[in-house]
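As structure tokens, the structure follows; a few thoughts come after it.
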Amino acid sequence: MKKLTKIMAMAMVSILAMAALTGCGGGSGSIKFGTNAEFPPFEFIAANGVIGEYDGIDIAIAKKIGEDNNMDVSIENMEFDSLLVALQNGQVDAVIAGMTITEERAESVDFSIPYYRATQVIITKPESGIKSAADLSDKFVAVVQGYTGETVIIDLGLNYESFKKGTECIMELVNGKCDAVVIDSATAAKYVADNPGLIIVEDESAFENEEYGIAVKKGNTELLNKINASIQKMLDDQTIAELGDKYSVAE
Ligand code: ARG
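Numbering (my numbering), first residue to last: 8 to 258.
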């Protein structure tokens, strides 16, 4: 009897292992999310992340989308500028990257319903005297290449230089090589918390509200519907609000 139970247990284990390997177990496939894990608190590398070494609000959301739909989820990390191309050529199924929904991007991909609201802010040193976006006119600004912050600075006609990563912009500022960094609010709060001597300057009249969405390949309504249903659920039951609190710097 004891032996039989053991055999049955072993059989169960191998069935479960098979299910995990094939990604079935009643599941309906897998979703590969592309991200750029250089954007705390939305995505960053951590020793023990939510999915492998990836952690953050977006990664937790991606995991939930997988759970809601009984699908396996994996993350592919790449440069921010490559994400939408990777989506179009089928390298990834969806992009979750604190990505602002813009008309221009929506020409090449489809966006989910918005899941997070943000705005651009200015990071500077108190001694710069910068109190608004207008004060940047005779200053030098660092932005990240391809981010909406870069677009905003170009539209304002300011002097700027683009870098590959937010942390590089912050180093420029800390080292006195630029006067300000313009980047998304929650990420700015993280950088300022990590780097003493920096402050955040908000300017609601200059910087519009932005909304983050998950992107899928144009016409992939099957996946988009699943993602939207899951996001709506996470907005309704406060999951996303709680993740925001958990990962963000208290203001
Ligand atoms: N919200 C900004 C944009 O869409 C910045 C996003 C950066 N995200 C990232 N994972 N690096 O352009």
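Glycine is no exception: its CB is placed at the ideal position from the N, C-alpha and C atoms.
query	result
Gln98 - DSSP class collapsed to helix/strand/coil	coil
Integer Cβ distance of Asp65 from Phe49, believed to fall under 8 Å	5 Å
Ala125 beta carbon near ligand 1 (any heavy atom closer than 8 Å)	yes
Residue closest to Glu74, alpha-carbon to alpha-carbon, out of Val208, Ile38 and Leu91	Ile38
Closest Cα partner of Asp201 within the set Ser212, Asp210, Gly56 and Ser255	Ser255
Alpha-carbon to alpha-carbon, Val80 and Asp210	38 Å
Between the CA atoms of Phe40 and Ile82 - distance to the nearest angstrom	5 Å
Cβ-Cβ separation, Val159 to Ala187 (assumed contact under 8 Å), whole Å	12 Å between Cβ atoms; not a contact.
Alpha carbon of Glu179 to alpha carbon of Thr228, nearest angstrom	42 Å
Asp252: first and last residue of the uninterrupted alpha helix (DSSP H) it sits in	Thr246 to Tyr254
Ile238 versus Asp162 - alpha carbon distance	32 Å
Span separating the alpha-carbon of Gly173 from that of Ile130	11 Å
Rounded straight-line distance, which links the Cα of Glu218 to that of Phe46	15 Å
Classification of Asp100 by the beta-carbon crowding that lies within 10 angstroms, buried from 16 upward	buried
Classification of Leu232 by the beta-carbon crowding that lies within 10 angstroms, buried from 16 upward	Before going on, a small fix: residue 232 reads as Asn here, not Leu. Exposed.
Contact set for Val274: own chain, Cβ-Cβ below 6 Å, skip 5 residues either direction	The displayed coordinates of the chain run from 8 to 258. Any statement about residue 274 would go beyond what the structure contains.
Short Cβ contact (9 Å threshold) for Met208 with Gly156	First, the residue type needs correcting, since residue 208 is Val and not Met in the sequence shown. Not closer than 9 Å, so no.
Arg124 to Gly105 span [Cα, whole Å]	10 Å
Member of Val150, Lys184 and Asp191 whose CA lies at the smallest distance from the CA of Ala171	Per the sequence presented here, residue 171 reads as Lys, with Ala not at that position. Among Val150, Lys184 and Asp191, the Cα nearest to that of Lys171 is on Val150.
Rounded C-alpha distance that separates Gly183 from Lys138	18 Å
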